[in-house]
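Residue numbers (the numbering used here): 161 to 366.
Here's what the structure looks like:
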C-alpha cells in the first residue's frame, strides 16, 4: 500500500515538473486584456466569455500557435466583428465550435484546410443576414470535412460551394419555407441534410 502511494506521489510530482502551461491572451475593445492558461500539449481548448467581459467586443486572441497538438477549439458568448483570422494559427484544427459568437461573414471557414467538424451558432447582425445567406463561401480547401452544423435561423441552404467529401449538413430549419434553384444546387453537395428542430413545413428530398 505504501509502495503504491509513493508511486502515485512520484507520478503527480513528475507531471507537475514536466507539464508546461502556456497562456492565451484574449484582447477586448478599449484595451482590455486577460489571459487563460492551458497545458501546452492540450488537444482541446474551450474559451467562455464571462461576466462583464461579455459586454466588450473581442478583437484578437494571441498565442494559439503555441499549441501544436490542438485539434479541437470552441468559443462561447464572444461579441466579435472580425474575420476569425486567429483560427488560422491553429495548424491542426479539426473540430471547431463557435456558439453564440458574433460574425459578419462565413468566409473565415475557407482557409481551415484540415477541418472535419464544424458547429456554428452565430449572432449575425440584421444588416449582414442577407449577404451571409447569398454570398458564396468556397470550401474547396476543406478536403476532410465530415459534418457542418449551422444552428442559425437562415431562410435558405447556406451558400457553401465546391464542398468536398459529401459531408452531413445539420440545419435549424425554422425559417426555411421555400427552396429555390440555388438551394437545390447547394444541397446536392451533401450526403444528407437533417433538421435540428421539428418543423412541419420543412421537407427536403434530393
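No residue lacks a Cβ here, since even glycine has one placed at the ideal position from N, Cα and C.
- A buried status is given to residue 240, since no fewer than 16 other beta-carbon atoms sit within 10 Å of its beta-carbon.
- Counted as a single uninterrupted DSSP element, the beta strand (DSSP E) harbouring residue 221 occupies residues 217-222.
- Counting the other CB atoms within 10 Å of its CB gives residue 344 a total below 16, which places it among the exposed residues.
- Between the region 271-278 and the region 331-348, the count of C-beta pairs closer than 8 Å stays below three; the two stretches do not touch.
- Beyond the five residues adjoining it in sequence on each side, residue 310 comes within less than 6 Å, by CB distance, of 280, 318, 331 in the same chain, given in chain order.
- Looking at the DSSP output, residue 284 sits in a beta bridge with 263.
- Look at residue 199 here: in three-state DSSP terms it is strand.
- Nearest to residue 237 by C-alpha distance, out of 185, 265, 282, is 282.
- For residue 307, the enclosing beta strand (DSSP E) stretches over residues 307-310.
- DSSP, reduced to helix, strand and coil, places residue 355 within a strand of the structure shown.
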